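So the protein sequences, as listed, match chains L and B.
So the first sequence is numbered by the numbering used here: it starts at 1 and just counts up by one.
So the second sequence is numbered by the numbering used here: it starts at 1001 and just counts up by one.
Using N, Cα and C, we set each Cβ at its ideal position, and we do this for glycine too.
On a predicted model such as this, the values are computed, not experimentally measured, just so you know.
Only one structure is covered here, and it is reproduced in the block below.
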Amino acid sequence: MVPGSRAHTACVTVALTLAGVANVRTAGAEEVAAPRAADSRPPSADPAGVPPPTPSRRALAVAGSVLPGVVLHGTGAWLLGDEDAAGTLLLIEGIGIGATLGAGTGLALTGAASATVAPLALLAIGGVGLFGMSLLADIYYVVSPRQGFGTPQRRLPRLESFVGYQYVDERQFEYEHLMQHGVSFRHERWSAEYRGWHAPTGRHARHRASAGYRPWGVEQSRTAADGSFLELQLAVGAQQFEEEEFATRSLEAAVRYRVDSTRIVPSIRGAFAEFHAGVAWRHTRFDSSDAPQDATQRDSVLLGGFAFGTYLGDPFERGGELRLYYDHRHDDFASGLKAEGLGSGVAGHFGLSGHHYFNSLLGAYAFTEIGSAWVMGLGLRMRQR
Amino acid sequence: MTYGLRSGLDAGRQRLATLAMTAGLATAAVGCLTPAAERAARDDGVGQAETTDWQVEVTDGLAAVLSAEVGQLRLWQSAPSIEWELEVTVATRLELRVDNVMPSARLRSVEGALSFSADENPAATSATYFVDIPSAGRYRLNHGPEQSSVPAPFRFALLSDVQEAVDEVRDVFERVNQETDLDFLLGAGDLTEGGSRDELQRFKAELQVLNVPYYTTLGNHELGESPPPYQELFGRGSLSFEHRGARFTLLDSASAMIDARVFGWLDDWMALGRDRLHVVAMHIPPVDPVGVRNGSFASRAEANKLLGRLLRGGVDLTLYGHIHTFYSFENAGIPALISGGGGAIPQRFDGLGRHYVIVAVDPIAETLTHQLVRVD
């Protein structure tokens, strides 16, 4: 099975939809021969063998990636003459539609039964993710330069930290303005991270500490072929709502998978797709002189989501990444999406995030999310290799 | 030679594109943060109407005004006992029809002298009166059973989530009719599949089979149209009433949230229900007993906020629909029942089809017990 072939792509995407992640080890991280990993050197030949288009052809491809591209994913690539990319994107779209319809049918037939709802929900998330990503990949392909907007970070810094401001427009709570801060430490395949949020007014605080292990992909101690990785993560969290007199503790387990676009469609460079899945167990204590002493609430939250992103610039000097994502968790600041009509509360939240380093040390980040609340944040990042 | 749009999308334009996307996301998003706000605002107007000769205001909005014309007033009760104020500008005769009433309900004059006569052939859950108003002025009337204000044990049934099974709901209602000593049927939403006016009217037509009234709130399936016609036909989405010494509060959680305006009302209702048995019902539960399914509020934090309020208010029982099976569990230590057995697509593998739940309330002994009744 040749990496980059449609059969390879089909297997990869089916694996992704089954669990939200796939422990794919197509080869050792540095042993991939084809597709060629994106790096800072331009390739000597276009892997798709596609001649450069004229400006009018390019404009047609951009338009085509939207219409009829929103229905036929890969139209933009096809109009640029890259039939292989077009076929692969169309296949991914088909798998995504199939997974989504299958999950929806399963949920309807089972009446969202407790025994089957979690895997079917993850299948739906995976299916929608594949559908969305094949569309975004086609649009990305026709608007991006041949080498992409940037290259992936193929070796992670040992230490990264950030500090910034977060605004939350959550109509049900008093907190609005928060300071956020965090630090990540990496050693070989292991990582540890802490994040904190504090509201100077509104009496609200949140903490999250996590530990991760990457059995495959980019990590701290050696240079990988690209930015792809598989990470297993455990996290504990605490959130204090002083105004509303309750506090929540949580324990999470999740798997996160990122695959660089060149592993799926060799001619699409500088982009990536992500999936994650897991579960969080929560314990809430209600503090009030009027409440019984044993007033607690235990529940769980399904974790799942997907993202499509692009690398920006040079990861070691001036560069970063931009990410458009969906996160299904309903216990975050943004939580689940509210909407007019029947489906309010079913979906999680959507977001756009990006970071950019100005040099080897200092950078900035920004993000926005919409769910039950509108959340936006920005701040500074620092790294040390 | 490079191709693509790199020459146009330099770093500066990349940042601009990002900012534009961010602004677009944010702008489009703000309107989705309060999907229940308009419904909550309309709740304030339920039970009010006026004609050239008179105007009516139902206390606490506990009845919907179905029609108001000179010489005719038609109400749909949302509670066993209601009171309303009539401000009349000229002596008049009024044909008053009140639907969704307990069979033992009677019309009483609370303030102002007027006379009335009842229809000689009342339907089980409808009553018609001819009211003679002798002069202009303000009048206050009450309609409900006399025993509604006297603490005593009673029973009611919970039935929700009929939706597309409205063609088969009649046999459920006939099964309910076989129960003895039921005061009313309580609904926790999803009466219809899409919430259209025709569907709601169809459901009302099926309710004529019942020997008891159906007091309900709306579910997410009543939100298929904008604005949803539910409040015109059934009354408030969020309301509270007292019956035989127990308080009942129904909340509009159809958008997987409780609106901020409703939270304001909730504080008052919690105070009214603190020293007595208090049952709270809504469609979407704040927390699904199967957490990973999240058939519940959009935000767990908002769910916990509501649970905290219910806990501090001393609520004794919470009733929910939305999930098409039966669960008996606790939320923050508050006993909870989920019953979505009206006929909508059932949850599989639980051995349960259509069903309803009978709740026995004893406000004197301060006890609540429940019993699952299988229809299929």
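Report task. Could you check if B:A1063 is buried or exposed, using at least 16 other CB atoms within 10 Å of its CB as the buried criterion? Result -> With 16 or more Cβ atoms within 10 Å of its Cβ, B:A1063 is classed as buried.
Query raised in the report: Would a check of beta-carbon distances place L:W374 closer than 8 Å to chain B?
Result: Answer yes: the Cβ-Cβ gap between L:W374 and chain B drops below 8 Å somewhere.
Query raised in the report: Which first and last residues belong to the alpha helix (DSSP H) in which L:M386 is found?
Result: Past the boundaries of the shown model lies residue 386 of chain L; chain L is included only from 1 to 385, so the question cannot be answered.
**Report entry** Extent of the continuous alpha helix (DSSP H) run through B:R1261
**Finding:** Run containing B:R1261: 1260-1273, per the alpha helix (DSSP H) assignment.
**Report entry** Per DSSP, the bridge partner or partners of B:P1335
**Finding:** B:P1335 is bridged by DSSP to B:E1330.
Query raised in the report: For the beta strand (DSSP E) that contains B:N1142, what are its first and last residues?
Result: Run containing B:N1142: 1137-1144, per the beta strand (DSSP E) assignment.
Query raised in the report: So, does the CB of B:S1328 fall closer than 8 Å to a CB anywhere in chain L?
Result: Closer than 8 Å to the CB of B:S1328 there is not a single CB belonging to chain L.
Requested in this report: Indicate, with yes or no, if the ligand HEM has a heavy atom lying under 7 Å from the CB of B:E1366.
Outcome: Here there are no bound small molecules, and the ligand HEM is not part of this structure.
Query raised in the report: Taking the alpha-carbon positions, what's the L:E243 to B:L1311 distance?
Result: Rounded to the nearest whole angstrom, the CA to CA distance from L:E243 to B:L1311 is 15 Å.
Requested in this report: Establish whether the CB of B:V1030 and some CB of chain L are separated by less than 8 Å.
Outcome: Legend: pLDDT at B:V1030 = 47, less than 50; position of this residue unreliable, no value from coordinates given.
Query - B:D1198 (DSSP reduced to helix, strand or coil) - result: Judged by DSSP in its simplified three-state form, B:D1198 adopts helix.
Query raised in the report: Distance, Cα to Cα, L:F149 vs L:S210?
Result: Distance between the alpha carbons of L:F149 and L:S210: 31 Å.
**Report entry** chain L within 8 Å of B:N1331, Cβ atoms only
**Finding:** So yes, B:N1331 belongs to the interface.
Query - Member of B:L1159, B:F1116, B:D1183 whose CA lies at the smallest distance from the CA of B:T1092 - result: Measuring from the Cα of B:T1092, the nearest candidate turns out to be B:F1116.
Query - Euclidean distance between Cα positions of B:V1065 and L:G111 - result: The alpha-carbon separation between B:V1065 and L:G111 amounts to approximately 37 Å.
Requested in this report: Would you mind stating whether L:L60 and L:L79 have Cβ atoms separated by less than 8 Å?
Outcome: A Cβ-Cβ contact shorter than 8 Å links L:L60 with L:L79.
Query raised in the report: Contact between the region 1037-1044 of chain B and the region 1238-1256 of chain B: three or more CB pairs below 8 Å?
Result: Yes, the region 1037-1044 of chain B touches the region 1238-1256 of chain B.
Report task. Just the C-alpha distance for B:A1124 and B:F1156, rounded to the nearest angstrom, thanks. Result -> Cα to Cα, B:A1124 sits roughly 17 Å from B:F1156.
Query - Length of the line joining the Cα atoms of L:T223 and L:R383 - result: Approximately 17 Å, taken between the alpha carbons.
Query raised in the report: Cβ atoms of L:E170 and L:A373: under 8 Å apart, would you say?
Result: The answer is yes: Cβ separation under 8 Å.
Requested in this report: Using a threshold of 8 Å, state whether the C-beta atoms of B:L1277 and B:E1366 are closer than that.
Outcome: A distance below 8 Å separates the beta carbons of B:L1277 and B:E1366.
Query raised in the report: Hey, is B:P1229's beta-carbon within less than 8 Å of any beta-carbon in chain L?
Result: Contacts with chain L at 8 Å (Cβ-Cβ) do not include B:P1229.
Query raised in the report: Nearest to L:A198 by CA position, among L:F333, L:P51, L:E369, is which residue?
Result: Checking the displayed sequence, the identity of residue 198 of chain L turns out to be His instead of Ala. Ranking the options by Cα distance to L:H198, first place goes to L:F333.
Query - Reduced DSSP category for B:Q1231 - H, G, I as helix; E, B as strand; rest coil - result: Residue state, collapsed to three classes: helix.
Query raised in the report: Short check: CB of B:V1101 to CB of L:S114, under 8 Å?
Result: Between B:V1101 and L:S114, the gap from beta carbon to beta carbon reaches 8 Å or more.
Query raised in the report: B:A1040 CB to nearest chain L CB: under 8 Å?
Result: Interface residue (Cβ-Cβ distance to chain L less than 8 Å): B:A1040 is not classified as such.
Query raised in the report: Cβ of L:Q147 within 8 Å of Cβ of L:G270?
Result: Yes, Cβ-Cβ distance for L:Q147 and L:G270 is below 8 Å.
Query raised in the report: Can you round the beta-carbon distance between L:S261 and L:A280 to whole angstroms, since I take them to be within the 8 Å contact cut?
Result: Actually they do not touch by this definition, with Cβ atoms about 30 Å apart.
Query - One or two residues paired with L:G351 in a DSSP bridge - result: Its beta-bridge partners are L:Y325, L:E369.
Query raised in the report: Can you tell which of B:T1325, B:I1334, B:Q1147 has its C-alpha closest to the C-alpha of B:G1343?
Result: Minimum Cα distance to B:G1343 is reached at B:T1325.
Report task. Measuring alpha carbon to alpha carbon, tell me which of B:L1182, B:L1094, B:Y1320, B:L1096 ends up nearest B:A1360. Result -> The shortest Cα separation from B:A1360 among B:L1182, B:L1094, B:Y1320, B:L1096 belongs to B:L1182.
Query raised in the report: According to DSSP, what are the bridge partners of L:M382?
Result: Its beta-bridge partners are L:S161, L:L362.
Query raised in the report: In the region 200-278 of chain L, which residue ranges form an unbroken beta strand (DSSP E) of at least 3 residues, counting only runs that do not cross its ends?
Result: Listed in chain order, they are 204-217, 229-241, 246-260.
Query raised in the report: Of all the options B:R1236, B:A1188, B:R1170, B:Y1356, which has the alpha carbon lying nearest to the alpha carbon of B:V1279?
Result: Comparing C-alpha distances from B:V1279 to each of B:R1236, B:A1188, B:R1170, B:Y1356 shows the shortest one belongs to B:A1188.
Query - Unbroken beta strand (DSSP E) run spanning B:S1109, endpoints - result: Where B:S1109 is concerned, the enclosing beta strand (DSSP E) stretches over 1106-1111.
Query raised in the report: How should B:G1264 be labelled, buried or exposed, when 16 other C-beta atoms within 10 angstroms of its C-beta is the threshold for buried?
Result: So B:G1264 counts as exposed.
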